[in-house]
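> Let me give you the structure first, and then I'll get to my questions.
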DNA sequence: GTTTCATGTAACTTATTTAGTTACGAATTT
DNA sequence: AAATTCGTAACTAAATAAGTTACATGAAAC
């Protein structure tokens, strides 16, 4: 898993979970989808469990599955549960007392608040089911192509 | 300059430039505002020069200044000139051939395109002059407070 | 025209961050 | 009881970005 691909990797895993026939998959199976190891997966999606997006079970036969229907899981919820902002630009003071810096921070903090609201609003309109449907379209298209050739 | 503070540090410098009486300031002076060194400053704002936001002059008496009135310099332009996206989440393929990944990338790329448009639209409405005006308000307020106390 | 000063930029070093790994306890099924 | 899987802490390794050094280029001062 590369540097800024936490979101895309998580979605990758979640769509595989949405499409999984078996239902439960181990963190090792999930890890193989994104070419990493099980601990990284468990750590990455721990927040999704706390948010009630996925459910995990320990012990023999344990593993992970979606906690609800993919139609009810929006990307906004996933982003929030991952605990990583989409807009990582910093506004931490580095020159306490500098009024110029304070003015800069004020405008950027305002921007961030409004921007995050807008972005989450957009992401709230896309669900895991939407991505899964697109996957199926691609799969079907590929199948047809194969038959045609 | 900390990890994700390229934007805030650059704005910090630019507002100082907008407020500078002398006009020209050396990269060493600019660097002192953000507690770093001149090479980092020159490297960071090189893109702003190419974009015609600031102008630099070499040699004795050389240095940096705004290339235009701060009223005409929007944060959108600055962000673009910095050459760093506000939304650094990755959508690079890591499992070529995986249709699930392709569906994920498609939705995220669409989102990014629309989101960046929205964000730049918001930032286009804020200029360096706006931040400078806020700085002056803060400065005046502090002055009054000091007198009052 | 030589000295001084400042930028422009490449190459290298250091620091920071994050992914990856190891290890092991807790929980659950067979 | 044995096997399996998660949960998590602690550590290691790799990647990234800032910081630094070095020096060529260009411009003003003398």
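Protein chains in written order, with this note's numbering: chain A, 4 to 152; chain B, 4 to 152.
Idealized CB from N, CA, C, for every residue including glycine.
Decide if residue 145(A) is buried, meaning its Cβ has at least 16 other Cβ atoms within 10 Å, or exposed.
exposed
> I'd like the ranges of any alpha helix (DSSP H) spanning at least 4 consecutive residues and lying wholly in the region 50-137 of chain A.
78-85, 102-126
> Compute the Euclidean distance between the alpha carbons of residue 152(B) and residue 138(B), then round it to the nearest angstrom.
Since pLDDT at residue 152(B) reaches only 43, below the 50 mark, its modelled position is unreliable, and the value read off the structure follows with that caveat. So the two alpha carbons sit approximately 21 Å from each other.
> Which same chain residues, not among the five before or five after residue 123(B), have their C-beta less than 6 Å away from its C-beta?
Apart from sequence neighbours up to five positions away, the residues of its chain that approach residue 123(B) with a beta-carbon distance below 6 Å are 79, ordered along the chain.
> Report whether the distance from the Cβ of residue 4(B) to the nearest heavy atom of the ligand HEM is below 8 Å.
Ligands are entirely absent from the displayed structure, and the ligand HEM is therefore not among its contents.
> In this structure, what does DSSP give as the bridge partners for residue 28(A)?
67(A)
> How far does the alpha helix (DSSP H) with residue 37(B) in it extend, from its first residue to its last?
Run containing residue 37(B): none; DSSP gives neither H nor E here.
> For residue 143(B), count neighbouring Cβ atoms within 10 angstroms of its own Cβ and tell me buried if that reaches 16, exposed if not.
Sixteen is the threshold: since fewer than 16 other Cβ atoms of the shown chains lie within 10 Å of the Cβ of residue 143(B), the residue is exposed.
> Using the three-state DSSP reduction, which class does residue 152(B) fall into: helix, strand or coil?
Confidence is the limiting factor: at residue 152(B) the pLDDT is only 43, short of 50, which leaves the residue's position unreliable, though a coordinate-based value still follows. When secondary structure is reduced to three states using DSSP, residue 152(B) falls in the coil class, being assigned neither helix nor strand.
> Which bits of chain B does residue 89(A) rub up against, with CB to CB less than 7 Å?
The CB of residue 89(A) comes closer than 7 Å to the CB of 90, 92 in chain B, given here in chain order.
> DSSP three-state label for residue 6(A), please.
coil
> Below 9 Å on C-beta distance, what does residue 97(A) contact in chain B?
4, 5, 8, 11, 12, 15, 37, 38
> Which residues, in chain order, does the region 101-129 of chain A contribute to contact with chain B at a C-beta distance below 8 Å?
So the list reads 101, 102, 103, 104, 105, 106, 107, 108, 109, 110, 111, 114, 117, 118, 121, 122, 125, 126, 129, given in the order they occur along the chain.
> Express the C-alpha separation of residue 6(A) and residue 70(B) in angstroms, rounding to a whole number.
Spanning the two alpha carbons is a distance of roughly 36 Å.
> Are any of the Cβ atoms in chain A nearer than 9 Å to that of residue 22(B)?
yes
> So, residue 118(A) versus residue 89(B), is the Cβ gap smaller than 9 Å?
yes
> Please confirm if residue 57(B) has its CB atom under 9 Å from at least one CB of chain A.
Among the residues facing chain A, residue 57(B) is not included, as its CB has no counterpart in that chain under 9 Å away.
> Just verifying my parser: in three-state terms, what is the DSSP assignment at residue 23(B)?
coil
> Using a C-beta cutoff of 9 Å, does residue 33(A) count as contacting chain B?
So, not an interface residue.
> Comparing alpha-carbon positions, which option in 109(A), 84(A), 21(A) lies nearest residue 95(A)?
109(A)
> Quick one: is residue 141(B) near chain A, going by C-beta distance under 9 Å?
yes
> Can at least three beta-carbon pairs, one atom from the region 16-27 of chain B and one from the region 49-58 of chain A, be found at a separation below 8 Å?
Contact fails between the region 16-27 of chain B and the region 49-58 of chain A, because fewer than three Cβ pairs, one in each stretch, are under 8 Å apart.
> Measuring straight from C-alpha to C-alpha, what distance separates residue 59(A) and residue 54(B)?
51 Å
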